[in-house]
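For the working numbering, add 29 to where a residue sits in the sequence shown, where the first one is 1. For reference, the structure discussed in these notes is given below.
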Amino acid sequence: MKIGILSRWNATCGAALHAMLIGKEFIGMGHQVRVFAPYIRSANRWWHHRIIGRDEDFVVRCYEELEPETLRGGSLEGERIRAEGLDALIIESYNSVPYLQIWELARELRGDVKLILVVHEGDRGELRYPDLDVFDRIVVFDKRYVEEMLYDCRERVEIIPYPCCPPKEGERRFAEDRLIFFSFGRQPVEEYEAFIDALDGLSSEYDFLYRVVRADGLLPFKRKWLIQHKGRLSVEEIYRNLHSSDIHLLPKGNTRKVVVSSTASQCLGALVPIVAPRVRYFENLPPGVIVLYEDREDLLRKLRLLIENEGFRAEVLERARGYVEENRSDKIARRILELIHPVGVQ
Numbered sequence: 030m031k032i033g034i035l036s037r038w039n040a041t042c043g044a045a046l047h048a049m050l051i052g053k054e055f056i057g058m059g060h061q062v063r064v065f066a067p068y069i070r071s072a073n074r075w076w077h078h079r080i081i082g083r084d085e086d087f088v089v090r091c092y093e094e095l096e097p098e099t100l101r102g103g104s105l106e107g108e109r110i111r112a113e114g115l116d117a118l119i120i121e122s123y124n125s126v127p128y129l130q131i132w133e134l135a136r137e138l139r140g141d142v143k144l145i146l147v148v149h150e151g152d153r154g155e156l157r158y159p160d161l162d163v164f165d166r167i168v169v170f171d172k173r174y175v176e177e178m179l180y181d182c183r184e185r186v187e188i189i190p191y192p193c194c195p196p197k198e199g200e201r202r203f204a205e206d207r208l209i210f211f212s213f214g215r216q217p218v219e220e221y222e223a224f225i226d227a228l229d230g231l232s233s234e235y236d237f238l239y240r241v242v243r244a245d246g247l248l249p250f251k252r253k254w255l256i257q258h259k260g261r262l263s264v265e266e267i268y269r270n271l272h273s274s275d276i277h278l279l280p281k282g283n284t285r286k287v288v289v290s291s292t293a294s295q296c297l298g299a300l301v302p303i304v305a306p307r308v309r310y311f312e313n314l315p316p317g318v319i320v321l322y323e324d325r326e327d328l329l330r331k332l333r334l335l336i337e338n339e340g341f342r343a344e345v346l347e348r349a350r351g352y353v354e355e356n357r358s359d360k361i362a363r364r365i366l367e368l369i370h371p372v373g374v375q
């Protein structure tokens with residue numbers, strides 16, 4: 030089949046990662062893939078989702094995203110998509126796509142091209158298409174999206190979890206030289222404060238380092254155990270850092286929206302324990318896949334448990350391995366293909 034994917038690509042965001050994981054699986058299965066991505070100048074205006082890689086030959090940059098401040102504007106070279114003769118078009122929908130132009134293109138293609146909408150928005154009001162009837166199927170990551178956002182069109186909604194990178198275990202023994210914590214990403218400073226505070230509390234008990242690679246500047250904290258670098262990491266670099274660490278501290282704030290953590294799905298396959306706050310981003314995960322904390326005291330208790338209790342660590346990693354195996358990117362890609370055409374699933 031010839032499959033189009035309209036999405037961010039080679040960028041540091043959940044929509045891009047989802048597209049890249051399934052797109053590369055489609056290619057590995059022998060399907061022809063064409064990616065329709067935003068213009069570089071447009072993508073880089075969204076400061077937290079900048080482009081980090083060079084485009085492959087199958088990537089066509091052909092749309093302008095909405096303006097970050099006003100969410101107005103946007104454009105799409107629809108003729109470049111129509112000319113491809115696609116069997117299916119997967120639209121990774123996120124809050125800066127040119128909604129109206131995509132909807133108009135979908136109306137033109139419907140009946141000739143299978144149209145799959147993958148919802149990354151966390152609120153029904155953010156889905157700014159005139160209607161959703163033009164899409165053959167709507168993919169969401171868990172039942173919350175149906176119950177809170179898409180209850181009125183549930184007959185066309187398919188729940189397919191966010192894909193995980195395949196498991197790839199490192200060779201490091203836990204704290205083999207010293208205990209190393211690791212964080213990366215672009216989260217606001219305040220989302221790191223709980224970790225800094227907890228590690229202050231542990232600093233008299235354990236010899237450790239906390240390595241932070243942050244895309245948008247260094248944290249305003251000075252500690253002898255805190256090592257910081259500025260940068261955006263590729264998936265390969267993330268895994269190298271995780272495999273040289275013992276505990277992954279994942280900062281995340283709360284929200285009322287329906288959300289998942291693409292970072293968790295991306296990193297679980299490294300089989301390094303993840304510690305994160307109990308917020309909406311992790312509601313979709315089965316209990317015990319990552320270590321969730323309620324407050325400072327709970328965080329301290331669970332960090333000590335991870336450090337000192339080998340059995341607890343093993344249980345966390347076994348649950349993580351099971352979740353990753355169930356939701357590997359190749360399995361998720363096949364489930365999406367089944368929505369397009371069961372004959373196309375190899």
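Ideal placement from N, C-alpha and C gives every residue a C-beta, glycine not left out.
Going by the CB atoms, is the gap between S212 and P302 shorter than 8 Å?
no
6 Å Cβ shell around E337 - same chain, five flanking residues per side excluded
none
Extract the residue ranges of the alpha helix (DSSP H) inside the segment 286-314, only unbroken runs of 4 or more that lie entirely within it.
291-296
K259 - DSSP class collapsed to helix/strand/coil:
strand
Mind checking who G33 pairs with in its DSSP beta bridge?
R63 and L118
Within 8 Å, strictly: CB atoms of V320 and N283
no
If you check the beta carbons only, do K286 and D141 fall under 8 Å apart?
no
Buried or exposed (CB count within 10 angstroms, at least 16 for buried), N313
With 16 or more other Cβ atoms within 10 Å, it is buried.
Where does H13 fall in DSSP's three states?
The requested residue 13 does not occur in the structure, where the chain is confined to residues 30 to 375.
Measure from the alpha carbon of N376 to the alpha carbon of each residue in E177, K197, A72 and L100, then state which is nearest.
With the chain represented from 30 up to 375, any question about residue 376 goes unanswered, as that position is not in the structure.
Does DSSP put H77 in a helix, a strand or coil?
Because H77 carries a pLDDT of 46, less than 50, the predicted location of this residue cannot be relied on, and the following value inherits that uncertainty. Note: H77 maps to helix in three-state DSSP.
Go to V168, then tell me how far its alpha helix (DSSP H) extends in each direction, as first and last residue.
First-last for V168: R166 to V169, but that is the beta strand (DSSP E), not the alpha helix (DSSP H).
If you compare alpha carbons, which of R37, Y68 and A44 is closest to S291?
A44
Identified DSSP bridge partners for K143:
A117
Using 8 Å for Cβ pairs, my map puts I119 next to V147. What's the rounded Cβ distance?
With a beta-carbon spacing of about 6 Å, I119 and V147 fall inside the 8 Å limit used to define contacts.
Does the Cβ-Cβ distance between L105 and Q130 come in under 8 Å?
yes
Identity of the residue in G102, N124 and L50 nearest P192 by Cα:
L50
For a test of the three-state rule: what should DSSP assign to A40, helix, strand or coil?
strand
I need the DSSP call for Y322, collapsed to helix, strand or coil.
strand
Taking C-beta to C-beta, are P127 and G103 nearer than 8 Å?
Yes.
How many angstroms separate the CA atom of V218 from the CA atom of K331?
Distance between the alpha carbons of V218 and K331: 22 Å.
Apart from the five residues just before and just after L35, which ones in its own chain have a Cβ nearer than 6 Å to its Cβ?
F65 and I120
Entirely enclosed beta strand (DSSP E) segments - the segment 160-204, minimum 3 residues
Counting only runs that start and end inside the segment 160-204, the beta strand (DSSP E) elements of at least 3 residues fall at 166-169 and 186-188.
Same chain, Cβ closer than 8 Å to R37, neighbours up to 5 away in sequence not counted
A44, A45, A48, A66, P67, A72, H78, E121 and Y123
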